[in-house]
Every structure is written in structure tokens, then in C-alpha cells.
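J.: Going from the sequence shown to the working numbering is simple: count from 1 and add 391. Ideal Cβ positions, reconstructed from N, Cα and C, are used throughout, including at glycine.
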Amino acid sequence: MTTIAEIVQLGSEVLRLKAVVVTDIESSEIKQLINTLQDTLASTQGVGIAAPQINESKQVIIIASRPSARYPNAPLMEPTVMINPTFEALSESIEKDWEGCLSIPAIRALVPRYKEIKISYTDVTGNKINTQLEGFVARVFQHEFDHLEGKVYLDRVESNQDIFAESEYYKLLNL
Ligand code: NI
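#1: Who are the near neighbours of His538 in its chain, counting only those whose CB is closer than 6 Å to its CB and skipping five residues on each side?
#2: Looking at the strands, I want to know which residues DSSP matches up with Asn565.
#3: Based on the DSSP secondary-structure assignment, which residues constitute the bridge partners of Met473?
#4: What does the Cβ neighbour count give for Gly517, buried or exposed, with the cut at 16 atoms within 10 Å?
#5: Which residue from Thr522, Tyr560, Ile554 puts its Cα closest to that of Thr477?
#6: Excluding the 5 residues flanking Arg547 on each side, which residues of the same chain have their C-beta closer than 6 Å to its C-beta?
#7: Since I believe Ile398 is in contact with Thr431 (beta carbons under 8 Å), could you give me their beta-carbon distance rounded to a whole number of angstroms?
#8: Taking only heavy atoms of the ligand NI into account, decide whether any of them is closer than 7 Å to the Cβ of Ser403.
#9: Could you spell out where the beta strand (DSSP E) holding Gly491 opens and where it closes?
Below, the structure is given as C-alpha cells:
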């Protein structure tokens with residue numbers, strides 16, 4: 392059964408909470424949460440989603456980079472569910488690039504993020520995974536991780552001049 396949840400919009404309190412660590416990965420409640428997150432993300436052109444965006448303040452994110460009208464240059468990867476994720480920067484190297492968010496429609500902004508990161512998370516079967524990410528996928532991870540900390544990407548923008556209407560962003564891309 393496909394369950395698509397409503398995506399919580401900016402201003403909602405749940406987007407500002409620190410999400411709770413998941414301890415019962417095998418529970419039906421968490422399995423259902425993951426299914427709903429997957430189905431909800433698949434129904435959008437987003438490249439990632441975090442549980443607080445469907446009103447569940449729990450530490451679960453999905454990274455699902457794929458090229459789309461929203462992100463034409465995104466690399467293609469298998470959607471990956473990450474439970475209780477953490478990360479560290481692998482270098483001080485920071486890059487500014489465009490981001491948007493399903494909870495903040497019609498806006499894009501340039502956001503500084505670490506280029507290379509070392510991450511760990513628990514997968515859906517309970518295995519602890521350690522890996523490294525770089526570039527766009529590292530950016531998506533840091534964006535979704537922020538949702539678990541009660542932050543949104545606009546909090547990280549260096550200047551209000553780096554905030555664009557989506558229609559102007561598409562003009563820049565010549566779409
Ligand atoms: Ni977001």
C-alpha cells in the first residue's frame with residue numbers, strides 16, 4: 392500500500408525540534424514511517440526527505456539523488472534510508488551551491504556546505520554503516536541532517552541576496 396503524507400511547511404513547530412534517536416528499528420511503527428517517507432519522497436521531485444517533514448520528529452532521513460527538473464545535474468543513486476545519522480567534515484573545504492526544500496516551496500538559495508564528509512548511520516536492517524560522501528550527495532545529506540537538528544537551509548544562507556524565487560533560478564539554468 393502506498394501512503395503519501397502531507398509535507399509539513401516552514402513555520403510548523405516540528406521543523407524546529409531536535410528529532411529523537413530511533414531505538415526500535417524493527418518495530419512496525421518505524422517500518423511504517425520509513426515506507427511513508429519513501430512513498431512521499433517518490434511522489435515529489437525531491438532528492439531527499441527527513442521524518443520531521445512528515446510531522447514525525449524522529450532521526451530518519453532518505454537520500455535519493457536523481458536528475459529531475461528541480462535538480463537537472465543531480466547524480467543518480469539508489470534511494471538510501473539512514474537512521475540516526477551523524478557526520479564529520481573530511482576537510483575544511485566548503486562550496487556554495489543551490490538548494491531548495493519541499494517544506495519551503497518556490498524558493499531556492501545558495502548554501503555553503505562541506506564538500507567532503509564522513510558519515511555513519513544505521514540502515515533499515517540495523518547494520519551500522521560508515522561511508523564517505525562528496526559534492527551534491529554530501530550536500531543533500533547535510534541538508535537532511537539539518538532537518539533533524541531543527542534547522543532549515545535558509546538558516547545557513549550567508550546573504551539574503553543569495554535567496555531567489557524558483558522562477559528566477561530556472562532562468563539562470565535556462566530552463
Ligand atoms: Ni528540506
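T.: Let me lay it out:
#1: Excluding residues up to 5 positions away in sequence, Ala441, Pro443 lie with their Cβ nearer than 6 Å to the Cβ of His538 in the same chain.
#2: Answer by DSSP bridge pairing: none, since Asn565 is not bridged.
#3: Met473 is bridged to Ile452.
#4: Classification for Gly517: exposed.
#5: Of the candidates Thr522, Tyr560, Ile554, the residue whose Cα lies closest to the Cα of Thr477 is Thr522.
#6: Cβ neighbours of Arg547 within its own chain (closer than 6 Å, five residues either side excluded): Val502.
#7: Going by Cβ atoms, the distance from Thr431 to Ile398 rounds to 7 Å, so yes, they are a contact pair.
#8: Outside the cutoff, so no.
#9: From DSSP, the beta strand (DSSP E) with Gly491 extends over 485-492.
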